[in-house]
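Protein chains in written order, with my numbering: chain A, 1 to 293; chain B, 1001 to 1293; chain C, 2001 to 2293; chain D, 3001 to 3293. Yeah, the Cβ is synthetic: ideal placement off N, Cα and C, and Gly gets one too. This structure is a prediction, so every number in the text was calculated from the model and none was measured.
Number of protein chains: 4
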Amino acid sequence: MKVALVGLGRMGAAIAGRILEGGFDLVVHNRSTEKAAGLAEAGARVAGSVAEACAGRDVVITMVADDGALGAVAYGAGGLCASLPAGAVHLVMGTHGVAALGALEEAHRRAGQQLVAAPVLGRPDAAAAGELGIVAAGPADAVARCRPLFELIGRRVFAAGERPAGAAVIKLSNNFLLGSCIEAMGEAFALARKYEVAPEVLYDVLTEGLFAAPAYKVYGRLIADEAYEPAGFAAHLGLKDATLVLAAGEAARVPLPSANTLRDRLLSAIAHGDGDKDWSVMAREQARASGLE
Amino acid sequence: MKVALVGLGRMGAAIAGRILEGGFDLVVHNRSTEKAAGLAEAGARVAGSVAEACAGRDVVITMVADDGALGAVAYGAGGLCASLPAGAVHLVMGTHGVAALGALEEAHRRAGQQLVAAPVLGRPDAAAAGELGIVAAGPADAVARCRPLFELIGRRVFAAGERPAGAAVIKLSNNFLLGSCIEAMGEAFALARKYEVAPEVLYDVLTEGLFAAPAYKVYGRLIADEAYEPAGFAAHLGLKDATLVLAAGEAARVPLPSANTLRDRLLSAIAHGDGDKDWSVMAREQARASGLE
Amino acid sequence: MKVALVGLGRMGAAIAGRILEGGFDLVVHNRSTEKAAGLAEAGARVAGSVAEACAGRDVVITMVADDGALGAVAYGAGGLCASLPAGAVHLVMGTHGVAALGALEEAHRRAGQQLVAAPVLGRPDAAAAGELGIVAAGPADAVARCRPLFELIGRRVFAAGERPAGAAVIKLSNNFLLGSCIEAMGEAFALARKYEVAPEVLYDVLTEGLFAAPAYKVYGRLIADEAYEPAGFAAHLGLKDATLVLAAGEAARVPLPSANTLRDRLLSAIAHGDGDKDWSVMAREQARASGLE
Amino acid sequence: MKVALVGLGRMGAAIAGRILEGGFDLVVHNRSTEKAAGLAEAGARVAGSVAEACAGRDVVITMVADDGALGAVAYGAGGLCASLPAGAVHLVMGTHGVAALGALEEAHRRAGQQLVAAPVLGRPDAAAAGELGIVAAGPADAVARCRPLFELIGRRVFAAGERPAGAAVIKLSNNFLLGSCIEAMGEAFALARKYEVAPEVLYDVLTEGLFAAPAYKVYGRLIADEAYEPAGFAAHLGLKDATLVLAAGEAARVPLPSANTLRDRLLSAIAHGDGDKDWSVMAREQARASGLE
């Protein structure tokens, strides 16, 4: 199988490295070329354009920042839709909105290509270790063709059906639930502080009991310690995902009041200059709204 | 140490049984007397009134349903404040509001008694097994006097400071975070259903990853299966706790928007006749609001 | 008709003055007696206790601050329920919660008395001028007996049915809609400021068009001018009413999300020290949440 | 002054008619040509394309349905940016989002043209009668050039500054406040119904007092009568505007919780099949959420 990968940010590069280790024929492309150097040494061919990266490939992976970047590599004269061979698969591994994926699905269909959405759960180091969670959706045969790649980078594939948007909804839901858990913890920690109970007490109660899970342990720790820097996942990225899940809700006529609360908290945090801090800074914003700062 | 326990619901009875097993001198009292029969056989003395239960006791535990019931046993001619010996401890183990506890703290102080609030985390069978979590707050010496009792029924005591209201805030926060997690899951599962992704996929993604904890496993299961009966914890009880945490927020000037969302969802569920179902029925209400039912 | 009035705050005193001008036999009572002096000069008899005020009266009006004060004058040995003649009417003109009114209705019924709730719309000077709006609810014959009094102080009576709680719901709804209009204006004015449009432009668009009404003219003016002092109606009083309308919603299983937003904004404003400012200070709180202050 | 108008829906046609009556040289264009027939009879020249409509014009008005339609006529080879003479003004009179206007402002600037945004307040018959409210923003000289046109169709121009987005924010805020007033009324009417008070009572209290304005009179009437058809302004159009104002808030970091509530209510109404009904159908949705339907 001939593979290409467009978008060599930290996650894209980690996935590319893993694919090379798996012995695949890989072409890589990135807007700024310096990021490709290490991969070239490891055996990747570096393409100078998206079109060149697509030529003759069976599967082209994209891992780009947002819907705008996805449109920029997908559409137009030199884009994936125009450049991919008929029958090839565009494997989108970034986190994108349902509208962008729906439009892209249709564009590839018209061009005789297939779209698989497979957003990932985990950080770049998990990719490098082959430990990502992968939520995959698309035509069954196309998803099957991608499976050897999934096995290289992931510990488990969650099959989310035939429509690429479905995979996005699951990924966005996961992030949304994380954001909601942070928001609710922020509220509860502010309440505890107002009643002069040490944050540690609430942290222990939660993480020893019903909430003995990474979401609460990791983010509860950051909140209890008010340790919002450096950012693991910045507030402005959280806002991007909150907006995407709300747009998915709007398109499907699903009100998501918890996502509204999340979004508003992030907006206020960013308005107060905390956009580059970890999104657990929502708890500081809640403290502000409670007169604690 | 001479102990009394007022309120022999399922949790009260379980605690009483455990205290008897621990070899303590125990007097019990309940409004309706038939509940005391089994405990009498196990060695408890049954008192005919609250006042009688209080006579000569070092610690009197109350485990009653709500603030109204607490007021009924605490105040007035035959109540705890009037009947407890000076220096004795009133150990409140039910879940109560901060205002009720604040008023009671003051009333006991004036009567030369002490108030400890120690709401519990866990169900009656955990009490019977000595496996409860206990969040205790009150004057340090009074909490220390209760410790032998805590050791009988609990696996761990979380010390929440000197003010009884602090323990209530921690317990209410724990329930509030659980309700918020159910609400947010309800939203996410409705979204997944609208995008025709099987609930099982979302369930797996959550409980395998960031949310591998009882709250998500237990309640996610109920939501995925739409199994809202029988109720583990009924919607109308959830509403009671949501109202209490919002009142705690109001008294301390802490806005709790996630609790508002929780409360509104419960209100709608109850308005639709689901008040006696498990409070995970919030997810059905979300489905209704999304046009899914 | 023999009338008494308990509670001589500014509104109570204005109503009492009007009743005296109407030639009625009036007894007045207030916890602190100095407020009654002027009314005594105008012909009122001053009672030293609630019980004394009730003796032989056909209608006893109460105009007290909140549910706690209402309970204090209504219940107990010297309260209205114990002191009013059988067949007499307790005319509650303050703004109270539905639970307090429901309990009081039942207590009076058992004592062979009747309860009419008639909260007023307007300020004390409107009462003095006979220009109040009056929302009246209670048994039809009891409301009819109060009508001569309503005609003295009001320009119009809105008949809200047989249950006193109904009148409270209408009055609370009016205040709730006012609070919601202030909240929404606060949001819109913050948005305009962020886009560097002068507040005056938004003010003009609103008050010239769809919103040419006192609520928008008066409060829009305060917001545009950021003139939150002196308080016409203080934020902490707004919070009291927001809490009452939410309690009415909870009792009837009606979610009121706009009231939640209102309540949260007031809580944050009060947390930031603005509780004694006019409740239009919600707009400043919104500005804070938007990073504008 | 040579004028063109693109977009002959009901509002566009009314404005075109008025401009012709004012004696201006007018070219009109619409995607479907039949709409232009009446205007041709009244003296307009009908252009076959946007580019043709732009040729040699001083001011080109667009009145199109949404941001997508605006982009379609503005960009690309035959669009306004490519076709307008240097120095000409693009006068956008539809309701558009701040992002679309910001991008368009920049595109016109680069092409040596000017953008004025002037969304209107009122219905097509108000346009025909010269009675619209007009919120205008853009470079002062460009706005001044449009003034003769404004005088034909409007009773008043509200000057919203130099940035076109500012005019959009004011128009969107007006609609947002209207939606919020409908939402809050829906909540209050549901509450009154649950307490068995006739809707007419609440209607009278509101519209006689603080809320004696068209927004409350018109929409309160529809809600009291549950008269949601025919639609004056359909729920799905309300959703479009709610989404636009939320996007404006997001871009400027202004949380708008009242707009969230509005949006969620509209989403649920649409999910229940009421998207084509008048947006006051929000009150029916609130009734549903309260268990009343």
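The C-beta distance from F3189 of chain D to L2177 of chain C rounds to 10 Å, too long to meet the 8 Å contact threshold. Unbroken alpha helix (DSSP H) runs of no fewer than 4 residues, entirely contained in the region 16–78 of chain A, are found at 37–41, 50–54 and 67–74, following chain order.
The C-beta of A259 of chain A comes no closer than 8 Å to any C-beta of chain C. Where F158 of chain A is concerned, the enclosing beta strand (DSSP E) starts and stops at G154 to A159. Rounded to whole angstroms, R1263 of chain B and Q2114 of chain C show a C-alpha spacing of 35 Å.
In this structure, the alpha-carbon of L292 of chain A lies about 11 Å from that of A283 of chain A. Look at G1291 of chain B here: in three-state DSSP terms it is coil, with no helix or strand label. For the region 157–170 of chain A, the set of positions with a beta-carbon nearer than 9 Å to some beta-carbon of chain B reads F158, A159, A160, G161, E162, R163, A165, G166, A167, A168, V169 and I170 in chain order. For a Cβ distance threshold of 8 Å, nothing in chain B lies close to G3056 of chain D: the least Cβ distance comes to about 50 Å. For L1008 of chain B, no beta strand (DSSP E) segment is defined, and its DSSP state is neither H nor E.
Contact between M185 of chain A and G220 of chain A holds: their C-beta atoms lie close to 6 Å from each other, under 8 Å.
Chain-ordered, the chain D residues with CB closer than 8 Å to the CB of S1268 of chain B read A3289, S3290 and G3291.
Under the 8 Å Cβ criterion, the region 3219–3237 of chain D counts as touching the region 3258–3276 of chain D, having at least three qualifying pairs. Counting only residues of its own chain and dropping the five nearest sequence neighbours on each side, G3079 of chain D has a CB closer than 7 Å to the CB of V3050 and V3073. For L115 of chain A, the enclosing beta strand (DSSP E) begins and ends at Q114 to A117. Assigned with DSSP and collapsed to three states, V1254 of chain B falls in coil, not helix or strand.
Per DSSP, L1172 of chain B is one residue of the alpha helix (DSSP H) stretching across P1164 to K1194. Three or more pairs of CB atoms, one per stretch, sit closer than 8 Å, so the region 3193–3203 of chain D contacts the region 2250–2260 of chain C. Annotation: E1183 of chain B to P1214 of chain B spans about 15 Å, alpha carbon to alpha carbon. Straight-line measurement puts the Cα of M93 of chain A at about 10 Å from the Cα of V6 of chain A. A distance below 8 Å between beta-carbons, with the five flanking residues on each side excluded, links I3270 of chain D to the following residues of its chain, in chain order: A3235, H3236 and L3239. The residue from D:A3099, D:G3038, D:W3279 and D:A3040 with its alpha-carbon nearest to that of D3067 of chain D is D:A3099. Rounded to the nearest whole angstrom, the CA to CA distance from A2040 of chain C to A2053 of chain C is 14 Å. DSSP places A2198 of chain C outside any alpha helix (DSSP H), giving it a letter other than H or E. DSSP, read as helix, strand or coil, puts A1271 of chain B in helix.
Among the residues of the region 2193–2220 of chain C, none has a Cβ less than 7 Å away from any Cβ of chain A. Between S3280 of chain D and chain C, the shortest Cβ-Cβ separation is not below 8 Å. Between the alpha carbons of A2077 of chain C and R2110 of chain C lies a gap of roughly 15 Å. A2136 of chain C carries a strand assignment under DSSP once its states are collapsed to helix, strand and coil.
Interface annotation for the region 77–100 of chain A against chain C: empty, criterion Cβ-Cβ distance under 8 Å. Closer than 8 Å to the CB of E3183 of chain D there is not a single CB belonging to chain A. A distance below 8 Å separates the beta carbons of A3117 of chain D and A3168 of chain D.
L3026 of chain D has a beta carbon lying at 8 Å or more from every beta carbon in chain C.
Exclusion of the five residues before and after A2224 of chain C leaves F2189, P2199, E2200, L2202 and Y2203 as the residues of its chain whose Cβ lies within less than 8 Å of its Cβ.
Between the beta-carbon of A88 of chain A and that of D58 of chain A there is about 6 Å, and that keeps the pair under the 8 Å contact cut. For H1108 of chain B, the uninterrupted alpha helix (DSSP H) run begins and ends at V1098 to R1110, by DSSP.
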